[in-house]
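Quick notes on the structure that follows.
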Amino acid sequence: MIKIVMLIASFLIIVTGLVIAHFLLGKAKKHTFFDVLMIYVYTPAALWSAVYYAVCIIYAGFNLSWVWLWPLIAAFCVIRIIMLKARLEESSFLRVPKALTVIYRICFAAGLVFFLYIESFIVRGMTGVPPKGLEYVIVLGAGLKGDQPTNTLMARIRRGAEYLKENENTILIASGGKGADELISEAECIRRKLVGEFAIDERRIILEDRSTSTIENLRYSMDIIGDPAASVGIITNSFHEYRAMQIALKAGYENVNKVPATTLLPVGIHYMVREFFGVVEFMFRQ
């Protein structure tokens, strides 16, 4: 249902943006195909980014990390619209030397290609059916509100419960330490939810409650497993699976598998875009 609503809303926003772009071009003295095309691209993008920012704030609040990306994108689009419109109207306002324009276009195109390249790995990592009978699955922590899981963590917990019920011999490692604003460790929260809400046998759950990052989640969990060749599934939200798998391979896991949990809408789009920066950071840290 949320997907349908988002698709309809996005369509209406894009159409509205195209109409606004048409009116913005009304006074142009000359038209170059590229400049006109860019105004038709930037205007819906600015409107969509501004609306999506409001949706993220309403849904997840100002504590949603990197949420400032969307007003930043909207502001960038507006500035570009003003510059393009000034050029089409032959105004000297915000006129940029041609050499800088060429450099900007090359850098923008290269950055866009790189972004889409990384996102292709993220998207491919979001799908997959895990093998049955894994020896271990690791639920990665994702933050708490006091002693309760965030929606992101709850999706991972639910996926962990599903896998354990389908595979009776699998052991689950609940991984995640206690943050400064959290009342209990994320591992303890995962355990409580699995036992209390999903009736999972507590003896099938091992706590790893020291970690503060995905890298530590996987390193400390391997210390518990003790066998790099053991079959292991990583339970995290699907947008995070690609990076988690790369970290696991670097940490020495030899038989690691994706067990993707739901990427929740509407903030799932934000998480997928934000994940680009996480993947790039991991690439440069290697």
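The opening position of the sequence shown corresponds to residue -2 in the working numbering, with each subsequent residue numbered one higher. For every residue, glycine included, the Cβ atom is placed at its ideal position computed from N, Cα and C.
Unbroken alpha helix (DSSP H) stretches of 4 residues or longer found wholly inside the stretch 193 to 274: 211 to 222, 238 to 247, given in chain order. Going by DSSP, VAL134 is part of the beta strand (DSSP E) stretching over 133 to 137.
Judged by beta-carbon spacing, ILE135 lies beyond the 9 angstroms limit of ILE197, meaning their Cβ atoms are not closer than that value. According to the DSSP assignment, ALA51 belongs to no beta strand (DSSP E) but to the alpha helix (DSSP H) extending over 30 to 57. By the C-beta density criterion, LYS95 is exposed, having fewer than 16 other C-beta atoms within 10 angstroms. The three-state secondary structure of SER7, taken from DSSP, is helix. In summary, HIS19 is exposed, with fewer than 16 beta-carbon neighbours lying within 10 Å of its beta-carbon over all protein chains present. For a cut-off of 8 angstroms, the C-beta gap from VAL64 to CYS74 is around 17 angstroms, too long to register as a contact. About 6 angstroms separates the beta carbons of ILE36 and ILE78, which is inside the 8 angstroms limit, making them a contact pair.
When the beta-carbon positions are compared, THR233 and LEU137 come within less than 9 angstroms of each other. The residues ALA226, ALA227, SER228, VAL229, in chain order, have a CB closer than 7 angstroms to that of ASN252 in the same chain once the five nearest residues on each side in sequence are set aside. Sequence-distant Cβ neighbours of GLU179 in its own chain, meaning closer than 6 angstroms and more than five residues away, are LEU141.
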